[in-house]
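Asks:
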Amino acid sequence: MIASRVLGMCPDVRVLRGLFVIMLVLKSLVLFYASVYGLAVFGEGNDADYYHKYASGEVTLLANSWAAFLKWLNDIGCYSREGMRFFMGTLGAVAVPFLAAAIAVRDKRTHPKEYWCVVLMVSLYPTLFYYALDIYRDVLMCCLFLLVLFFLQVFYGARLALRKIAVLAVLLSICGVLFLMRPYLGVSLLLSLIVMFLFGVRSLSLWVLGCCYIILLNALYAAGLLDSLMLYRSKFGVALRGGSNLEIVFDSSYWFVPTFLKSVLVQLFGFYFQGFLATLLFVVESVPLIAGLVYTCRNWRFVDQLSKFLCVFFVIYGTIWLLGNDNMGTAVRLRIFNYIAVLLCVVSIYVRKKTISNL
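Residue numbering for the sequence shown follows this note's numbering, starting at 19 and increasing by one per position.
Here it is as structure tokens:
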């Protein structure tokens with residue numbers, strides 16, 4: 019109900035456009051400030067600094083494919099930190115909001131208010147905005163993730179088999195790029211596609227699905243099939259030790275479910291109030307997420323194919339990173355895709371529900 023009321027109370031389209039323009043101006047000013055003076059909110063920008071140093075040849079230790087890509091750009095004379103910063107800022111401020119709106123609201127003319135609401139809500143997402151201020155890979159991955167959803171929408175709407183095959187090929191190619199950038203994101207998308215093609219998720223009760231999910235997850239842990247994730251998670255206590263490590267330990271199959279639920283509450287829902295910033299993020303990010311999940315569950319009968327895919331992705335992707343991550347600073351970045359998935363679900367369901375009620 020809260021999510022529905024918020025969408026229903028959105029101001030006029032002209033006001034929404036004006037607010038978006040104001041946001042663009044403010045973001046441009048912050049980007050300029052960050053470019054000149056630097057900006058550290060979630061600690062020092064170690065990732066961005068590392069990427070720049072590797073691309074420039076100052077360090078030789080390769081951490082991921084994004085660093086390798088930036089190094090390749092530098093080798094062919096096309097790399098500039100300021101140029102990449104401007105590119106990421108443009109993606110985050112313009113491309114991502116409008117692409118998200120085009121996915122959630124397919125008929126802009128019929129639902130202009132909902133369309134601009136999505137544009138504004140994505141623009142107001144603080145974590146996404148912060149990581150658009152430097153050469154982080156998160157914004158580009160978010161844009162590619164939305165492209166996957168866009169082509170999936172085209173796939174569901176295509177009638178000709180040849181067109182379906184062509185769209186699927188493009189979709190899988192983007193998933194491959196995302197796999198190179200963040201392996202478990204690409205794997206999550208591919209697994210979600212497989213689940214959607216092989217099984218139906220709307221026919222069963224959400225309570226039944228939830229119980230089956232918990233039982234299956236516990237069984238996988240007890241059988242040792244999640245050991246690779248547990249091994250990666252253990253690195254946060256040694257090689258990846260940081261000030262925001264949570265020290266949530268999975269050490270017993272009997273306590274697996276309570277420990278996993280604790281990880282969900284802290285990392286995904288933001289029940290982590292160590293300082294003002296963490297509390298602020300809970301209010302502006304976690305509260306809307308919780309409201310969106312409640313709205314989606316209460317209006318499950320209105321979900322379409324894309325919304326079902328987003329729900330499946332939300333569970334699979336969330337499960338992987340919630341098991342493999344033990345750092346709150348990293349969690350803020352990883353949950354971007356979960357948050358966007360819920361936002362798109364809510365608006366898609368709201369528009370579908372509104373359309374059906376007007377028939």
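All C-beta atoms in this analysis are idealised placements derived from N, C-alpha and C, irrespective of residue type, glycine included.
1. Looking only at its own chain, which residues have a Cβ that is under 8 Å from the Cβ of Q171, when we skip the five neighbours before and after it?
2. Return the first residue and the last residue of the alpha helix (DSSP H) that N92 is part of.
3. How is N236 classed by DSSP in three states: helix, strand or coil?
4. What is the C-beta distance between W84 and Y69, in whole angstroms, given that I count them as a contact (C-beta under 8 Å)?
5. Taking the alpha-carbon positions, what's the N345 to L286 distance?
6. For N236, tell me which candidate among E265, F215 and S270 has the shortest Cα-Cα distance.
7. Between the Cα of L117 and the Cα atoms of E100, L138, G242 and T128, which residue gives the shortest distance?
8. Excluding five sequence neighbours on each side, which residues of the same chain lie with their C-beta closer than 6 Å to the C-beta of Y357?
9. Apart from the five residues just before and just after F163, which ones in its own chain have a Cβ nearer than 8 Å to its Cβ?
10. Please report the straight-line C-alpha distance between V140 and A52, rounded to a whole angstrom.
11. Which residue wins for smallest C-alpha separation from L49, given the options N82, N92 and R99?
12. For F300, I'd like the list of residues in its chain whose CB is within less than 6 Å of its CB, leaving aside the five on either flank, ordered along the chain.
13. With a 10 Å radius around its C-beta and 16 neighbouring C-beta atoms as the bar for buried, classify W339 as buried or exposed.
14. Tell me which residue opens and which closes the alpha helix (DSSP H) that A111 is part of.
15. Using three-state DSSP, classify N356 as helix, strand or coil.
16. How many Å lie between L158 and A150 at the Cα?
17. Less than 8 Å between the beta carbons of V365 and T145, yes or no?
18. For a minimum of 4 consecutive residues, which ranges assigned as the alpha helix (DSSP H) are wholly contained in the segment 275–303?
19. Tell me, which residues are paired with N263 by DSSP?
20. If you compare alpha carbons, which of L328, L352 and A309 is closest to L362?
21. Determine the contact status of G342 and Y239, defining contact as a CB-CB distance below 8 Å.
22. Return yes when the Cβ of Y154 is within less than 8 Å of the Cβ of D65, no when it is not.
23. Does DSSP put W273 in a helix, a strand or coil?
24. Which of the three DSSP states is assigned to E132 in this structure?
25. Under 8 Å, do C193 and V166 count as touching if we go by C-beta distance?
26. In or out: G63 buried (at least 16 other Cβ within 10 Å) or exposed?
27. Compute the Euclidean distance between the alpha carbons of A241 and Y335, then round it to the nearest angstrom.
28. Whose C-beta lies closer than 8 Å to the C-beta of L88 among residues of the same chain, with five residues either side of it excluded?
29. Should V333 go down as buried or exposed, given a rule of 16 or more other Cβ atoms within 10 Å for buried?
30. For L247, count the other beta carbons within 10 Å of its own beta carbon; 16 or more makes it buried, fewer makes it exposed. Which is it?
31. Please state if the CB of V188 and the CB of F215 are separated by a distance shorter than 8 Å.
Replies: Here's the rundown:
1. I121, R124 and L324
2. Start and end: S83 to D93.
3. helix
4. Indeed they touch by this definition, with Cβ atoms about 7 Å apart.
5. Whole-angstrom Cα-Cα distance: 11 Å.
6. S270
7. L138
8. L307
9. Excluding positions up to five away in sequence, the list reads L196, L203, L207, F355 and I358.
10. 21 Å
11. R99
12. G288
13. When all chains shown are included, W339 counts as buried.
14. Per DSSP, A111 belongs to no alpha helix (DSSP H) and is neither H nor E.
15. helix
16. 9 Å
17. no
18. For the segment 275–303, the full-length alpha helix (DSSP H) segments reaching 4 residues or more read 294–299 along the chain.
19. N345
20. L328
21. no
22. yes
23. Coil at W273, not helix or strand.
24. In the three-state DSSP reduction, E132 falls in the helix class (H, G or I).
25. yes
26. Reliability of the predicted coordinates at G63 is poor, the pLDDT of 49 falling under 50, and no value is obtained from them.
27. In a straight line, the C-alpha of A241 is about 21 Å away from that of Y335.
28. Y69, H70, Y72, A73, Y97, M102 and I153
29. buried
30. buried
31. no
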